[in-house]
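In the UniProt record's numbering, the protein residues as written are 1 to 374. Yeah, the Cβ is synthetic: ideal placement off N, Cα and C, and Gly gets one too. Keep in mind the model is a prediction, meaning the values are calculated, not measured. Since the structure comes first, as structure tokens, the remarks are kept for the end.
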Amino acid sequence: MKFELYTAEHDERIIYLTGNFNRWNPRDQRFRLSSEDSRHYSIEIDDELLPGLIEYKFTKGGWENVELDRYGNITPNRKLLKSSGTASDTVEKWRLNWGPFKEEYFPIAEIISEEFYIPQLDRYRKVWALLPYDYYTSDKSYPVLYLQDAQNLFNEGSDYGNWEIDKKLSVLTEYGRGDVIIIAIEHGSEDRIKEYIFDNDHVANGSEGKKYIRFITDTLKPYIDQNYRTKKDRENTGIGGSSLGALISIYSGFLYPEVYSKLLIFSPSLWVEPNNNFPMMNFRVPFKTKIYLYGGGQEGSKMVKRIHVFEESLKRWEQNRLFDFEIRTSINPEGTHSEFYWSQEFPRAIEWLYYNNTENPVEVKPTQESVKNQ
Numbered sequence: 001m002k003f004e005l006y007t008a009e010h011d012e013r014i015i016y017l018t019g020n021f022n023r024w025n026p027r028d029q030r031f032r033l034s035s036e037d038s039r040h041y042s043i044e045i046d047d048e049l050l051p052g053l054i055e056y057k058f059t060k061g062g063w064e065n066v067e068l069d070r071y072g073n074i075t076p077n078r079k080l081l082k083s084s085g086t087a088s089d090t091v092e093k094w095r096l097n098w099g100p101f102k103e104e105y106f107p108i109a110e111i112i113s114e115e116f117y118i119p120q121l122d123r124y125r126k127v128w129a130l131l132p133y134d135y136y137t138s139d140k141s142y143p144v145l146y147l148q149d150a151q152n153l154f155n156e157g158s159d160y161g162n163w164e165i166d167k168k169l170s171v172l173t174e175y176g177r178g179d180v181i182i183i184a185i186e187h188g189s190e191d192r193i194k195e196y197i198f199d200n201d202h203v204a205n206g207s208e209g210k211k212y213i214r215f216i217t218d219t220l221k222p223y224i225d226q227n228y229r230t231k232k233d234r235e236n237t238g239i240g241g242s243s244l245g246a247l248i249s250i251y252s253g254f255l256y257p258e259v260y261s262k263l264l265i266f267s268p269s270l271w272v273e274p275n276n277n278f279p280m281m282n283f284r285v286p287f288k289t290k291i292y293l294y295g296g297g298q299e300g301s302k303m304v305k306r307i308h309v310f311e312e313s314l315k316r317w318e319q320n321r322l323f324d325f326e327i328r329t330s331i332n333p334e335g336t337h338s339e340f341y342w343s344q345e346f347p348r349a350i351e352w353l354y355y356n357n358t359e360n361p362v363e364v365k366p367t368q369e370s371v372k373n374q
């Protein structure tokens, strides 16, 4: 079967076909279109690879670069019977690194406290809540994700850039995956390293990670659950971060599996625990825990290797029935240790941790419930 495509905008990025015939993989090299000129593309696919009813979309290599209509809206899945023989389509616009971002879907960013008291450490910290755009006009309750390093998550002007999670949540909302409350805790500046190191005085003299974890779990979470419409159970509670913030989130999940069922772990500082000697509790009936692991190939020679070693440790612990893990590992060969790449990965992690329950999940895509609305 032949697929022909006309693009209204000239764009030299490679075009891929994705759909229900390749598990919605947006960068499948088998389905890369050939260019006939700057606007016309095509691909021929063996009929044996296609189902009777084909559902498909065009991408520039990822869901952050998927096709849009002329108004910048998500296009519906294209549908076609294989017996048609030929498909002729037009793409008006393309997403570019998840944009454009629609302000009407931006989350509500509010400061919970400029100086939230941390009794475990006897100090104060600024804490934010990012609420779904319709939080105050609905009566819904929401799952929660606690994130470290709030200074680098969504505020403009941060020293190292930011994840733009407000923008990414607006995109997720378009896909029907934005109903999550984010609680963002600012790091302690000069105290950051001590607070994010669990119990290793060789790395940080006077490490305070154990107390910091207790603050989030025993003090902050009860406050959030009391003052916001949250789904309080572990199935709807996650924690995460990047670098040292990811490391302390691993400790949190392992020490409090009865509280957290989802871990968002970006570029974790596993060099602190090269032997993966994390303190863990043993449970007669293991808790189901979803772990999204991400690392970049340009973060140093050992980042990806350490992530894979950690992944193998998780699988080994699972085989010994200490835990019940569901793991998704994502490696970007081009990724550096920076907010830009964590920003790109954030929507995929949210989609998988909170919305995708399939055995072989894929990136943000029109699946099951949302397919009719896209």
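query, result
"At a Cβ threshold of 8 Å, is L244 touching chain C?", "Within the model displayed, chain C is absent; a lone protein chain is all it includes."
"Helix, strand or coil, according to DSSP, for W98 in the structure here?", "coil"
"Cα separation between D225 and Y146?", "12 Å"
"Among the candidates D89, R27, E48, whose CA atom is the shortest distance from the CA of A8?", "D89"
"Given that a residue counts as buried once 16 or more other Cβ atoms are within 10 Å of its Cβ, and exposed if not, what is T86?", "exposed"
"Could you check how far apart the C-beta atoms of P279 and D324 are, in whole angstroms? I think they sit under 8 Å.", "Contact flag wrong, Cβ pair sits at about 18 Å."
"Decide if T173 is buried, meaning its Cβ has at least 16 other Cβ atoms within 10 Å, or exposed.", "buried"
"Is the closest heavy atom of the ligand PLP to the C-beta of P222 under 7 Å?", "Ligands are entirely absent from the displayed structure, and the ligand PLP is therefore not among its contents."
"By Cβ distance below 6 Å, which residues in the same chain neighbour K102 in space, the five residues on each side in sequence not counted?", "S170"
"If you draw a straight line from the C-alpha of G19 to the C-alpha of I54, how long is it?", "7 Å"
"For N227 and T289, I'd like the C-alpha separation in whole angstroms.", "26 Å"
"Taking the continuous beta strand (DSSP E) assigned at A150, which residues delimit it?", "Per DSSP, A150 belongs to no beta strand (DSSP E) and is neither H nor E."
"Report the three-state DSSP secondary structure of V364 (helix, strand or coil).", "The pLDDT assigned to V364 is 46, lower than 50, so where the model puts this residue is not dependable; a value taken from the coordinates is nonetheless given after this. It is coil, neither helix nor strand."
"Which residue wins for smallest C-alpha separation from M303, given the options P268, I291, E334?", "P268"
"Who are the near neighbours of Q298 in its chain, counting only those whose CB is closer than 7 Å to its CB and skipping five residues on each side?", "E334, G335, T336"
"Alpha helix (DSSP H) containing Y196: first to last residue?", "192–196"
"Give me the Cβ distance between Y133 and I165, rounded to the nearest whole Å; I'm assuming they're in contact under 8 Å.", "Between I165 and Y133 the Cβ distance is about 13 Å, and since that is not below 8 Å, they are no contact."
"If you reduce the DSSP assignment to three classes, tell me which class N236 lands in.", "helix"
"I need the boundaries of the alpha helix (DSSP H) containing F255, first residue and last residue.", "At residue 255 the sequence reads Leu, which differs from the Phe that was named. Run containing L255: 244–255, per the alpha helix (DSSP H) assignment."
"Report the residue from I14, G52, E36 whose alpha carbon sits nearest the alpha carbon of M1.", "G52"
"Determine the DSSP secondary structure at S42, reduced to helix, strand or coil.", "strand"
"In this structure, how does DSSP classify K262 when only helix, strand and coil are distinguished?", "strand"
"Quick one: give me the first and last residue of the alpha helix (DSSP H) that S138 is part of.", "Looking at the DSSP string, S138 is not in any alpha helix (DSSP H), and its letter there is neither H nor E."
"Excluding the 5 residues flanking I45 on each side, which residues of the same chain have their C-beta closer than 6 Å to its C-beta?", "M1"
"For the alpha helix (DSSP H) containing S338, list its first residue and its last residue.", "Where S338 is concerned, there is no enclosing alpha helix (DSSP H), given that its DSSP letter is neither H nor E."
"Ignoring anything shorter than 3 residues, give me the beta strand (DSSP E) runs that lie fully in the segment 66–92, in order along the chain.", "78–81, 86–91"
"Buried or exposed for E351, going by 16 or more other Cβ atoms inside 10 Å?", "buried"
"So what does DSSP say about E64, is it helix, strand or coil?", "helix"
"With a threshold of 8 Å on Cβ separation, who are the neighbours of P274 within its own chain once the five nearest residues in sequence on each side are excluded?", "R306"
"If I'm right that K126 touches E114 with Cβ under 8 Å, what's the distance once you round it to whole angstroms?", "5 Å"
"How about S252 and T219: are their beta carbons less than 8 Å apart?", "no"
"How would you write the range of the alpha helix (DSSP H) that L314 sits in, first residue to last?", "303–319"
"Just to confirm my understanding: we take L49, look at its own chain, exclude 5 residues before and 5 after, and list those with CB closer than 7 Å. What are they?", "F21"
"Do you know offhand how far L96's Cα is from R13's?", "11 Å"
"Does S138 pass the burial test, meaning 16 or more other C-beta atoms within 10 Å, or should it be called exposed?", "exposed"
"Beta-carbon separation of F215 and I118 under 8 Å?", "yes"
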